[in-house]
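Numbering of the sequence shown is given in the working numbering, commencing with residue 17 and proceeding in unit increments. We treat Cβ as the ideally placed atom computed from N, Cα and C, and that holds for glycine. Comments concern the structure below.
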Amino acid sequence: MSQTTSRFWGRVTAVLVLLFGLAFLLPGGWLAFIGGSPGYLLFGCGFLLSGVLLWRKHLAGVWIYLFTFVLCVIWSLWEVGLDGWQLMPRLLVPALLGLWISMPWVIRPLTRSAPARRNSIAAALVYVVAIIGVFWSGWQISDARFVHHQPFPAEKTPSLTDGETDWKYYGRTADGQRYSPLTQITPANVGQLKLAWRFNSGDVMQKGEDKAGREFNLEVTPVKVGNALYICTPHRQVIALNATTGKMLWKFDPQNDTSANEYLACRGVAWSENSGDTMCPQKIITTTADARMVALNAQTGKPCTNFGNHGFVSLTDHLGEVPPGFHFITSQPMVMDGRIVLGGWIYDNQSTGEPSGVVRAYDVNSGELAWAWDMGRTPPTAPLKPGENYTRGTPNGWGTYTADAQLGLVYIPLGNATPDYYGAGRRPFDDRYSSAIVALDIRTGEERWHYQTVHHDVWDYDVPIGPTLIDLPGDGGETIPALVQTTKMGQLFLLDRRTGKPLAQVNEKPVPQRPSLPGERLSPTQPDSVGMPDLSPADLRETDMWGATPFDQLWCRIQFHRYRYQGKFTPPAEGTSIAYPAFDGVIDWYGASVDPRHHVLIANTSYIPFTMQVMKSEEAIKQGLMQKWVGWGSGKPYPKPKEFSVGPQYGTPWAAIVKPWLGALDAPCNAPPWGKIYAIDLVSKKVIWERPAGTTRDMNIFGTHTNLPLPTGIFMMGGNVITQSGLIFTGATADDYLRAFDEASGNELWRARLPAGGQATPMTYQGDDGKQYVVIAAGGHGGLGTRSGDALMAYALP
């Protein structure tokens, strides 16, 4: 290399180090001033001095940099130990820059001394060792987080012998266990699984359906009856497939207008059989994006003309004013005992007095209304009088329902009264049922019991899915009909499903009260399920802050001190606070699966902090985040906010903007693991094992999909299923893989690359050819930023 070239690279290097030092020094000083760590300020001084000396062609600049880096290593180890994934943003970029500084073309213009040049090689080795150490300790910490707490329990109930090889509900059966009695695919042969067939629906994301927070998600779990699979697509097409070949049998397109819908997803359809209906003895029940229910002939895909109005039933009847996109159903209806029971998703956090969260049941043959449960009426099942509407603004049950045919009960997971983040105007019945499980008589709609998981919920911790039912042994040897309810907070509630009484201890825990919004009335305590393992994240500390580089990590540390944060029940107040967990939750709409033989629960969990910015409505209007609106009944069209993250909360003085908490480079502000799988013994009520799941392969800054597959554990959106042979299948991780884990040990046994994100719950069944198939929708998830697609993937042994 010529002398001129060496001088050029020397100057470039000096400028880089100067800028590097300033990037530490200035925000590091800010961090120290607001009460954070002084480390960045001190390191900034060292790196800046190094840059000055390098610019003046002093070899001392090389050694000052090395000395500062060594101090940075010591400080980092003191903060986070040998956690490689936490060391990475602290040390990787400084080590790479230090390695560059030690290169001959940088050293040569600074000295002619041979010993000094040899010493620079030694310095380079320090940086190389640091880089290797970061990655090595990262893999080590991933292994260390794969923890076996206690032995896997022995079989407690006999093997299932129901002979059912189909999958007729979201959870295979109405109890929501997501457990299959099939045993053909085993831990010993699962590594031989191959793609058996692939079906592409052709229903793909249209332009603009992933903008401003809108989401287009293929989250469907098929149902399988006979040798047919039935699915629905985000635009609400219904498709029947041959279960052994994947060939399409028929397709129904409701031609619904989805342009007003902020969230395009359909998680499944319902199947019904009734020999008394000669026109449609087997039905597929589904809903449309414009709030209609439709019954289709399962053999032909044609609407059942004797159901409702030529196959359709309006779901906006007696709801009053319902703007387009304000009411639709993402989850499959519950069909049992001649009833179709469903609630619906309300475009929440928009206003007080939104459409009702009423739960309704319809006759499975005629489509006529059988009963309606409206918590704002006395009694809640009282029929409407002419001209009346259901109570507006009540909590709604938008998730998948579960049911117990023997008890005749359907279990409804309820959300919040609108709006989500300001509850000063909530009524007594809103506060009684918000974020609660309600058990209703499936024939009459009468309430048997309800149990609340959050009091006066102003965090959007709504119950996102019905409970999973399981029979457990009692202390006296008797069998107790139980249920386990997953929650967004990461708490598990174990209840007697006959009465709603806790089977594991629940305490009332004091929670923060101040600061709060004027007029708000927070609950002084919240239910704390201390008798069950707590899957919620530990409270954040400054040292937990993360980033792709030290600079965005530093920015997250500054934000941590600027924002309000008092743990998972931090009260909403004017300004910005950290919401962790947030509305996406630790466990969202997919719930957990249960092995009824070993009484084991398997849960996918995610850990993504959000920020909640609360501002006065006038300020939000001034900033263009929302528009003025005079309210319901004015005849004025509803003005949708600029982005889905904006909750205008019309009818209150406050707007709320809730977004994922990401650094300047779109990397998470909290350290990994970001996704884990837990195995929990429901008898001992202890964790059996826990492990990170997923890698960073498809997650990178600015939404790109290329990265090193670091085994950090990655965000998940989607459930898992268990087989009697002892396998767990899940594709929920954001790295586009379907995986199989050993249920007893948690070891990963197999993985298959998916063409798009697998943010759906898989299912398994036996085809007419005698083979066991594992099927998952690979269509991505807008909220996680995974690849979008339209594929249904089926795997089987050769």
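Item, Value
"Distance between Ile300 and Asn313 (C-alpha atoms, nearest Å)", "6 angstroms"
"Whole-angstrom C-beta distance between Gly373 and Gly359, which should lie under 8 angstroms", "6 angstroms"
"Arg755 versus Asp611: straight-line alpha-carbon distance, rounded", "18 angstroms"
"Span of the alpha helix (DSSP H), counted from its first residue to its last, around Met104", "100–117"
"Proximity below 9 angstroms, CB of Asn325 to CB of Gly796", "no"
"Inter-residue Cα distance where the pair is Leu678 and Glu558", "15 angstroms"
"Per-residue DSSP class, three states only, for Phe232", "strand"
"Length of the line joining the Cα atoms of Leu1 and Ser217", "Here the chain has residues from 17 to 814 only, and residue 1 is not among them."
"Own chain, CB closer than 6 angstroms to Gly67, minus 5 neighbours either side, in chain order", "Ala30, Val33, Leu34, Gly37"
"Inter-stretch contact (C-beta, 8 angstroms, three-pair minimum) for the segment 665–680 and the segment 623–637", "yes"
"Test item: CB-CB of Gly710 and Met732 under 9 angstroms", "yes"
"For Glu384, the three-state DSSP class (helix, strand or coil)", "coil"
"Residue closest to Pro771, alpha-carbon to alpha-carbon, out of Ala140, Gln782, Asp714, Pro531", "Asp714"
"Classification of Glu876 by the beta-carbon crowding that lies within 10 angstroms, buried from 16 upward", "In this structure the chain extends from 17 to 814, so residue 876 is not present and cannot be described."
"Secondary structure, alpha helix (DSSP H): runs of 4+ residues fully inside the segment 554–612", "566–578"
"Between the CA atoms of Ser136 and Leu70 - distance to the nearest angstrom", "14 angstroms"
"Among Thr189, Asn277, Leu681, Lys644, the one whose alpha carbon lies nearest that of Gln665", "Lys644"
"Alpha carbon of Ile594 to alpha carbon of Met628, nearest angstrom", "6 angstroms"
"Nonlocal neighbours in the same chain, by C-beta distance under 6 angstroms from Gly44, ignoring five residues either side", "Tyr56, Leu57, Gly60"
"Option in Asn243, Asn432, Glu231, Lys223 with minimal Cα separation from Asp784", "Asn243"
"One or two residues paired with Gly691 in a DSSP bridge", "Ser622"
"Cys11 - partner residues in DSSP beta bridges", "Since the displayed the chain opens at 17 and closes at 814, residue 11 lies outside it and no answer follows."
"Close Cβ partners of Pro270 (< 7 angstroms) along its chain, the five nearest in sequence each way excluded", "Arg252, Thr304, Val310"
"Anticipated Cβ contact below 8 angstroms, Gly4 with Asp226, distance rounded", "No answer is possible for residue 4: it lies beyond the span of the chain, which begins at 17 and ends at 814."
"Contained beta strand (DSSP E) runs [length at least 3] in the segment 405–471, N- to C-terminal order", "418–420, 425–429, 452–457, 463–468"
"Expected contact under 8 angstroms - CB spacing of Phe599 and Asp457 to nearest Å", "Not quite, the Cβ-Cβ distance comes to about 31 angstroms (not below 8 angstroms), so this is no contact."
"Three-state secondary structure assigned by DSSP to Asn523", "strand"
"Beta-carbon proximity check, Val454 vs Trp361, cutoff 9 angstroms", "no"
"Sub-9 angstroms separation of Pro340 and Ala276 beta-carbons", "yes"
"Where the alpha helix (DSSP H) through Pro120 begins and ends", "120–123"
"Neighbourhood of Gly424 by C-beta distance below 8 angstroms, restricted to the same chain and skipping five residues each side", "Asp353, Asp457, Ile458, Arg459"
"Cβ contact check for the segment 734–747 and the segment 513–527: 3 or more pairs under 8 angstroms", "no"
"Rounded straight-line distance, which links the Cα of Phe585 to that of Val527", "6 angstroms"
"Beta-carbon proximity check, Thr332 vs Thr434, cutoff 9 angstroms", "no"
"Thr181 to Gln156 span [Cα, whole Å]", "41 angstroms"
"Supposed contact pair Asn620 and Ala748 - C-beta distance, whole angstroms, cut 8 angstroms", "5 angstroms"
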